[in-house]
Amino acid sequence: MGNKERKPGIWEKYLTLWVIICILAGTILGRVFPQLSELLAILEVAHISIPIAICLFAMIYPIMVQISFGEVKKAIRTPKPIATTLFMNWAIKPFTMAFFAWLFLGDGL
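In this text, residue positions in the sequence shown follow the numbering used here: the first is 2, and each later residue adds one.
In structure tokens form, the structure reads like this:
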């Protein structure tokens, strides 16, 4: 099979423009609606902004796992694997990791 070179899409082709537009939109939103910064300050846990953490995760995770955005649409239509993974990662794994910490480190935590 030949190795076809993929043409850059609209996002890749105009990435600099998109970044500039987002910077301008954020600046304008901050000027027009100054209460947004107060709202974002409230949505903070242990000095970590929850909205920023969610957005960073949404940006970085697909790159790390090399997700095709076409596949994301399929995943939304079949939520069972996603729900299972979320349940395992958030409801079961913290307790198993705490158990292993207790098992190997004892009461010296």
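All C-beta atoms in this analysis are idealised placements derived from N, C-alpha and C, irrespective of residue type, glycine included.
Range covered by the alpha helix (DSSP H) that runs through residue i
{"i": "S38", "result": "36-43"}
{"i": "T79", "result": "Here T79 belongs to no alpha helix (DSSP H), and DSSP marks it neither H nor E."}
{"i": "E13", "result": "11-14"}
{"i": "V68", "result": "The identity of residue 68 in the sequence shown is Ile, whereas the question assumes Val. Segment: none, I68 is in no alpha helix (DSSP H) and carries neither H nor E."}
{"i": "M98", "result": "94-106"}
Nearest-angstrom Cβ-Cβ length linking residue i and residue j, presumed shorter than 8 Å
{"i": "S38", "j": "G31", "result": "6 Å"}
{"i": "A76", "j": "I83", "result": "6 Å"}
{"i": "L41", "j": "S50", "result": "6 Å"}
{"i": "P52", "j": "L44", "result": "6 Å"}
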